[in-house]
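In the numbering used here, the protein residues as written are 12 to 571.
Okay, here's the thing in structure tokens:
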């Protein structure tokens, strides 16, 4: 409260000073002109200062200036200060009457009180009335008390100044109204701008609070890469990546040791117009090193040019370490299972090949044990395949059409048991550079899935064709099918659709994940289009290698 009271007192004092200054400034021009006339009178107008009428008017003007200085106008009733311009008319009339013989044009001094009146808050008709009366008083003062009917025409001359002043007063009021309207409009816009500014400041505070609350790093940069906005989390990442002056920025690729090149840094990529997500980089060194998943999007201006970029960084260190630990665990467990399973299979084969044949019922038991051991061994092999990021392949010239035919023959018996008919439509030959063992695994996985997920029978079509840039392989069934969301997840490790689990169809959810890894290791892609109850269509696209294929075909032809 004391602080508010002090501020109020200061504002009141400032208002008083402002009003007093305005009153004094309005009176000074008239006073200054009359003082100059008085000072130059001994040289230019001898005897003027000895005129009692002029002296009275001169003294009155000085007294009015003094009143403007000392009177507390703010404490008086509103409009009381307008007595000053009214008395100015009287003072100017006295000054003009005293100097009429030497300086008859002093009547124009009435412009000063007229300006004062027309700029006041008085109604227009009141201001015009004071203007006309005051101007007429100034010009008619010398004629007061000396009316001569024979000189009636001469009495019309004093009307000129009031008419001129009325015209000037009207002009001033019109211009003042326009100026006030502009001032009001400017004040309104100024208030709107202030409101918008306060709202923008409030929004900025809220945005800053939100940005500093989230646990991801956010950075906005301009077209030159200069930071325009960031949050607290990103500042922590920046300090971690700052490093030392001699070592430079501590930014590393996904292997944690290779320095991240400038052209691979998120800001540079975003400013070149690239939109990306899930770029894994490492910042810092030693035990403080953290894994960041970065995403970026360029910010474009109205012309479509790059105006800046927004970069988002998420700390995924725990997730990356968990995935690495999981892969290491799967790899170790798979290796631990592989050796004893191989030994079990070996001894089961020895039992079956022994010189003393087993009874029929025991041989059946051993066969069941062998089949289940082989199934577990295949599952272990699948786990080993999925433990790494990519499958190693050893490409060589191969006829893909021949591989397709071999895979169809291998799966025909299983298809017959499920009531499925296999149809092949493949361009022959399809020479390309692939790993035959791995691609055979891809074909077997796709065909076995198509057969397995067609419990009601039907037709499975295998179609292969070659274009200038790629070889396309399609495996299409009319089986259970999947939803669009399930089709997007079907290549994930250990994923199985609810329908497959409900139907109790065997599988670990690794076959398609391995298939995708093999295809991508060949530089290709795999996709799935499916609809529930209408079947699925898997498409594998491999890079075409026409020159290698033709060379291989020519060499085979020469050898034959």
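Every residue gets a Cβ at the ideal spot worked out from N, C-alpha and C, and that includes glycine.
Exercise. Can you check whether the CB of residue 453 is closer than 8 angstroms to the CB of residue 551?
Worked result: yes
For this session: State the start and end residues of the unbroken beta strand (DSSP E) segment that holds residue 301.
Result: 301–311
Problem set entry | Start and end residues, alpha helix (DSSP H) containing residue 173 | 171–224
For this session: Whole angstroms is fine: what's the gap from residue 104's alpha carbon to residue 193's?
Result: 36 angstroms
Exercise. What are the complete alpha helix (DSSP H) segments, minimum 4 residues, inside the region 229–300?
Worked result: 243–253 and 277–282
Exercise. What number of angstroms, rounded off, separates the C-alpha of residue 161 from the C-alpha of residue 113?
Worked result: Residue placement at residue 161 is flagged as unreliable, the pLDDT there being 49, under the threshold of 50; the coordinate-derived value follows with that caveat. Distance between the alpha carbons of residue 161 and residue 113: 26 angstroms.
Exercise. In terms of DSSP beta bridges, what is residue 472 paired with?
Worked result: 434 and 487
Problem set entry | From 233, 279, 142 and 315, residue whose alpha carbon lies closest to that of residue 179 | 142
Exercise. DSSP state of residue 502, grouped into three classes?
Worked result: coil
Exercise. Any idea what DSSP makes of residue 467, helix, strand or coil?
Worked result: coil
Exercise. Given residue 331, which residues of its chain have a CB within under 6 angstroms of its CB, disregarding the five upstream and five downstream residues?
Worked result: 302
Problem set entry | Backbone CA spacing between residue 224 and residue 295 [nearest angstrom] | 23 angstroms
For this session: Enumerate in chain order the residues of its own chain whose CB-to-CB distance from residue 208 is below 6 angstroms, with the five nearest sequence positions on each side excluded.
Result: none
Problem set entry | Run of the alpha helix (DSSP H) containing residue 412, from where it starts to where it stops | 411–428
Exercise. Which of the three DSSP states, helix, strand or coil, is assigned to residue 546?
Worked result: strand
Exercise. Do the region 495–510 and the region 532–544 touch if we need at least three Cβ pairs shorter than 8 angstroms?
Worked result: yes
Exercise. Could you check where the alpha helix (DSSP H) with residue 106 kicks off and where it finishes?
Worked result: 94–109
Exercise. What do you get for residue 555, buried or exposed, if any count of 16 or more other CB atoms within 10 angstroms of its CB means buried?
Worked result: buried
Exercise. Exposed or buried, which one is residue 358 when buried takes at least 16 other CB atoms within 10 Å?
Worked result: exposed
For this session: Go ahead and label residue 1 buried or exposed: buried means 16 or more other beta carbons lie within 10 angstroms of its beta carbon, across all protein chains shown.
Result: Only positions 12 to 571 of the chain appear in this structure, which leaves residue 1 out of reach.
Problem set entry | Under 8 angstroms between C-beta atoms of residue 45 and residue 69 | yes
For this session: Verify whether the separation of the beta carbon atoms of residue 534 and residue 460 is less than 8 angstroms.
Result: no
Exercise. Would DSSP call residue 446 helix, strand or coil?
Worked result: coil
Exercise. So what's residue 89 in DSSP terms, helix, strand or just coil?
Worked result: coil
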